[in-house]
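A short worksheet on the structure shown next.
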Amino acid sequence: MSKRDFLSLADFKPDEIYHLLAKAMDFKRQRRQNKPHRLLRGKTVALIFSKPSTRTRVSFETAIADLGADSIFLNANDLQLGRGETIEDTGKVLSRYVDALVVRTHDHSELEALAAVSSIPIINALTNKYHPCQALADLMTILEKKDRLSGIKLAYLGDGNNVCNSLMLAAAKVGIKLSVASPKGYEPQASVIEEAKALKTGLNGIKITRKITSAVKGADVIYTDVWTSMGQEDEAKERRAIFADYQLNSEVLALASPAAIVMHCLPAHRGEEISAEVIDGEQSVVFDQAENRLHAQKALLAKLIVNE
Ligand code: CP
Ligand code: NVA
Numbered sequence: 001m002s003k004r005d006f007l008s009l010a011d012f013k014p015d016e017i018y019h020l021l022a023k024a025m026d027f028k029r030q031r032r033q034n035k036p037h038r039l040l041r042g043k044t045v046a047l048i049f050s051k052p053s054t055r056t057r058v059s060f061e062t063a064i065a066d067l068g069a070d071s072i073f074l075n076a077n078d079l080q081l082g083r084g085e086t087i088e089d090t091g092k093v094l095s096r097y098v099d100a101l102v103v104r105t106h107d108h109s110e111l112e113a114l115a116a117v118s119s120i121p122i123i124n125a126l127t128n129k130y131h132p133c134q135a136l137a138d139l140m141t142i143l144e145k146k147d148r149l150s151g152i153k154l155a156y157l158g159d160g161n162n163v164c165n166s167l168m169l170a171a172a173k174v175g176i177k178l179s180v181a182s183p184k185g186y187e188p189q190a191s192v193i194e195e196a197k198a199l200k201t202g203l204n205g206i207k208i209t210r211k212i213t214s215a216v217k218g219a220d221v222i223y224t225d226v227w228t229s230m231g232q233e234d235e236a237k238e239r240r241a242i243f244a245d246y247q248l249n250s251e252v253l254a255l256a257s258p259a260a261i262v263m264h265c266l267p268a269h270r271g272e273e274i275s276a277e278v279i280d281g282e283q284s285v286v287f288d289q290a291e292n293r294l295h296a297q298k299a300l301l302a303k304l305i306v307n308e
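Under the working numbering, the sequence shown has 73 at position 73, and the numbering climbs by one with no breaks.
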């Protein structure tokens, strides 16, 4: 089998995404029932992270252990990468040792360069542009809670960042109707909007607006993320002022469908992008969403490493 990467949701067709989601739900059941699922016995997966992580790191390491494989966690600064070795040489060398690489970095182009020369699957654990593993777990969570994806109305509030970009591609793949409400200058980047529109499966549509009310009205799912992503800390104060009207709070939630669920990829800043009463309230599914990272990534690892 020729190697496949997961750099973006665009790398998988809709039926492959549904297959991953079904496998992820199988893995979830098996774990609940204490049934072993050691599909990757004898394999090794390395993780290279240039940014902090709680969920992605721990869910991948746990997924790898549950699948019977070994993991090696590498802080990018501890590699010769930090002293100027190229990403290409790093990829060629690590391809000789391990069966897949899970990488969290800054520039998406770095990940593309790595994938181009590596003979093993490269998995995007977040770049400045995309966070596809998050979006996969998000789809799983919506499917679990709403029993369908196609036709769901999803409102994303706030920064048009990596999480938003991957959500747009995910939504386009499965026919979710997505409205993004962002302040001027902080919309998702135009090239990704075009990319998502080009993937359009028929039912869906992507709407970019400034108005929270028009995005949220009647939504089945409301999603938000931090106003300041990793690497933008110098802009935090300015961003707090710019995004002040985009908080997901009870007033905003009241505009959505009464059965709406609230999602956030976490980490969250209560009192900034989301109020404490909403994230800790009854409609919030953020911890199920975080748990699903584990199950969805198992499906991804099994698919990419042993094609199961
Ligand atoms: N949602 C997410 O990717 O969290 P971490 O940054 O903790 O991995
Ligand atoms: N947009 C956030 C997501 C963190 C999981 C960031 O890039 O920091």
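For glycine and all other residues, C-beta sits at the position ideal for the given N, C-alpha and C.
- In chain order, which alpha helix (DSSP H) runs of at least 4 residues are fully inside the stretch 230 to 296? Fully enclosed alpha helix (DSSP H) runs of 4 or longer: 236 to 242, 250 to 253 and 276 to 279.
- Report the residue from 265, 36 and 289 whose alpha carbon sits nearest the alpha carbon of residue 157. 265
- Residue interval of the alpha helix (DSSP H) (run including residue 70): Unbroken run through residue 70 is the beta strand (DSSP E), 70 to 75; no alpha helix (DSSP H).
- Answer yes or no: do residue 136 and residue 300 have a C-beta to C-beta separation smaller than 8 Å? It is a contact, given that the beta carbons lie within the stated cut-off.
- With a Cβ-Cβ cutoff of 8 Å, do residue 69 and residue 44 count as a contact? Yes; because the gap between Cβ atoms is below 8 Å, this pair is in contact.
- Message: To the nearest angstrom, how far is the alpha carbon of residue 269 from that of residue 59?
- Response: 21 Å
- Query: Among 84, 67, 210 and 174, which residue has its Cα nearest to the Cα of residue 182?
  - Reply: Considering only 84, 67, 210 and 174, the residue with the shortest C-alpha distance to residue 182 is 210.
- Item | Beta-carbon proximity of residue 295 to residue 140, cut-off 8 Å | yes
- Message: So for residue 118, helix, strand or coil by DSSP?
- Response: coil
- Message: For a test of the three-state rule: what should DSSP assign to residue 223, helix, strand or coil?
- Response: strand
- Item | Helix, strand or coil at residue 8 [DSSP, three-state] | coil
- Message: Assuming residue 104 is part of the beta strand (DSSP E), what are its boundary residues?
- Response: 100 to 104
- For residue 27 versus residue 303, is the C-beta distance shorter than 8 Å? no
- Task: Throw me the rounded Cβ distance for the residue 124 and residue 6 pair, which I believe falls under 8 Å.
- Result: 6 Å
- Task: Check whether the Cβ of residue 284 lies closer than 8 Å to any Cβ atom in chain B.
- Result: The structure shown contains no chain B, having only a single protein chain.
- Item | Range covered by the alpha helix (DSSP H) that runs through residue 191 | 190 to 199
- Around the Cβ of residue 243, are there at least 16 other Cβ atoms within 10 angstroms (buried) or fewer (exposed)? By the neighbour-count rule (16 or more Cβ atoms within 10 Å), residue 243 is buried.
- Message: Following a CB-centred definition, is residue 19 positioned closer than 7 Å to any heavy atom of ligand 2?
- Response: no
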